[in-house]
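**Q** Got a structure for you, questions after.
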Ligand code: SF4
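Numbering (my numbering), first residue to last: 1080 to 1453.
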């Protein structure tokens, strides 16, 4: 499939870091397992919306290299049902063109429906690694811009929805059509021009760099992260003499924490890149590949099973109760309510979060602290 240089799915990146477009173009396209799985889920959703058949009816069918199973059918149904519940006639996999604002810019909106002056763009996200917000989501705003621009009826409001079934997440955002045009003129147009300027600038940021293909080797990001770490310490000459000499104080820890996610993500990207380099026969000074930990396996599972049944009888097999989530999936939506009284959700273990996190603060239980110490 032909991709636009100023693709909507990368809009946050090129609008933040103009140099990312030319730098990423020097890296080969590599489709991860998760991306391929997402492509299959999208293809299944398209088939269901076009045929108006439920995803379950495609179970066992191979779609884009993946055989549709119960789980995929269950998750895709959430998106298909959401699209089918919208008023008006929708278009599926609609090509949207926003090249009036970003040179050569086009994309494909998963589902788009215009009804009574509202242009609603719905996007399926099949991943479960990062919860995607619809709030001022540049990708959806560009899709809505293209859809609204090509609409043959007047649009006064745009609505954008992300359906991320594997995280049970549906998020919507609306704004007036005139405000979307304002954003396109004031933000998208200048950002697109910066990309094609003679010497585009690098502008590292956690969100822009997160999925950038250049992340592991980008010098601007490496420099930024190095400076970010140093900037956590007020006085580098005499950093820790004032309070406890050899330990970080709470202010220094507090300064470091907000930067950790970006630093960890970057460090993992560099490690992954180094691993790939050696796997492909490259040389990395002072580093080599060694065999990792492995687990014992039966040489022949069938022979082992027969022998173990003779020796251990019933104890040769273990059976385990399915989890509430697995039970609900096996029962299907219609019958999932029958087991609601059988499960409860205990409080999760206390997790570190910034003050801005919308969840209320919890007090650590004394018993937790003791078990941790043990
Ligand atoms: S890693 Fe970050 S700074 Fe470097 S090109 Fe990509 S987005 Fe820009």
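A virtual CB, placed ideally from N, CA and C, is assigned to each residue, including glycine.
What you are looking at is a predicted structure, and each value in this text was computed from that prediction instead of being measured.
With burial defined as no fewer than 16 other Cβ atoms inside 10 Å of the residue's Cβ, what is the status of residue 1337: buried or exposed?
**A** The residue given as residue 1337 occupies position 258 in the chain shown. Residue 1337 comes out exposed.
**Q** Any contact between the segment 1216–1234 and the segment 1084–1094? By contact I mean 3 or more CB pairs, one from each, below 8 Å.
**A** yes
**Q** Give me the Cα-Cα distance between residue 1198 and residue 1304, rounded to the nearest whole angstrom.
**A** Position 119 of the chain shown, counted from the first residue, corresponds to residue 1198. Position 225 of the chain shown, counted from the first residue, corresponds to residue 1304. Approximately 41 Å, taken between the alpha carbons.
**Q** Please classify residue 1378 as buried or exposed, where buried requires at least 16 other C-beta atoms within 10 Å of its C-beta.
**A** Locating residue 1378 in the chain shown gives position 299, counting from the first residue. That one is exposed.
**Q** Residue ranges of each alpha helix (DSSP H) run of no fewer than 4 residues wholly in the segment 1080–1112, ordered along the chain?
**A** 1090–1095 and 1099–1103
**Q** Return the first residue and the last residue of the beta strand (DSSP E) that residue 1174 is part of.
**A** Looking up residue 1174 in the chain shown gives position 95. Counting along the chain, the beta strand (DSSP E) containing residue 1174 begins and ends at 1169–1176.
**Q** Who sits around ligand 1, taking every residue whose Cβ is closer than 6 Å to one of its heavy atoms?
**A** With the cut-off at 6 Å, the residues found are 1092, 1096, 1098, 1099, 1102, 1281, 1283, 1287, 1288, 1291, 1293, 1294, 1297, 1299 and 1300.
**Q** Curious, which full-length beta strand (DSSP E) runs of at least 3 residues does the segment 1244–1297 contain?
**A** You should have 1248–1255.
**Q** Would you mind stating whether residue 1287 and residue 1127 have Cβ atoms separated by less than 7 Å?
**A** Within the chain shown, residue 1287 is the residue found at index 208, counting from 1. Within the chain shown, residue 1127 is the residue found at index 48, counting from 1. Result no, Cβ atoms of residue 1287 and residue 1127 do not sit closer than 7 Å.
**Q** Does residue 1099 pass the burial test, meaning 16 or more other C-beta atoms within 10 Å, or should it be called exposed?
**A** Here residue 1099 corresponds to residue number 20 of the chain shown, with the count starting at 1. It counts as buried.
**Q** Can you tell me whether DSSP reads residue 1391 as helix, strand or coil?
**A** Indexing the chain shown from 1 puts residue 1391 at position 312. Here residue 1391 sits in helix by DSSP.
**Q** Please return the same chain residues whose Cβ sits closer than 8 Å to the Cβ of residue 1320, not counting the five positions on each side in sequence.
**A** For the purposes of this step, residue 1320 is taken as residue 241 along the chain shown, with counting starting at 1. Since pLDDT at residue 1320 reaches only 48, below the 50 mark, its modelled position is unreliable, and no value is offered.
**Q** My guess is that residue 1295 and residue 1349 are in contact by the Cβ rule of under 8 Å, so how many angstroms apart are they, rounded?
**A** By one-based count along the chain shown, residue 1295 stands at place 216. By one-based count along the chain shown, residue 1349 stands at place 270. That belief holds up - the Cβ atoms of residue 1295 and residue 1349 are roughly 5 Å apart, short of 8 Å.
**Q** Comparing alpha-carbon positions, which option in 1119, 1107, 1232 and 1181 lies nearest residue 1167?
**A** For the purposes of this step, residue 1167 is identified with residue 88 of the chain shown, where counting begins at 1. Nearest option by C-alpha distance: 1232.
**Q** For residue 1124 versus residue 1203, is the C-beta distance shorter than 7 Å?
**A** As a working mapping, residue 1124 is identified with position 45 in the chain shown. As a working mapping, residue 1203 is identified with position 124 in the chain shown. Yes, these two residues count as a Cβ contact at 7 Å.
**Q** Name the residue from 1133, 1119, 1384 and 1368 whose alpha carbon lies nearest to the alpha carbon of residue 1144.
**A** Here residue 1144 corresponds to residue number 65 of the chain shown, with the count starting at 1. Of the candidates 1133, 1119, 1384 and 1368, the one whose C-alpha sits nearest the C-alpha of residue 1144 is 1119.
**Q** Please report the straight-line C-alpha distance between residue 1362 and residue 1346, rounded to a whole angstrom.
**A** The residue labelled residue 1362 in the question sits at position 283 within the chain shown. The residue labelled residue 1346 in the question sits at position 267 within the chain shown. About 19 Å.
**Q** Determine the closest residue to residue 1134 out of 1440, 1384, 1155 and 1165, with distance taken between C-alpha atoms.
**A** For this step, residue 1134 is matched to residue 55 along the chain shown. The shortest C-alpha separation from residue 1134 is found at 1155.
**Q** What does the alpha-carbon distance come out to for the pair residue 1322 and residue 1331?
**A** Along the chain shown, one-based indexing puts residue 1322 at 243. Along the chain shown, one-based indexing puts residue 1331 at 252. Any answer about residue 1322 is weak, because its pLDDT of 49 lies below 50 and its placement is not dependable; what the coordinates show is given next. Using only the alpha carbons, I get a separation of about 11 Å.
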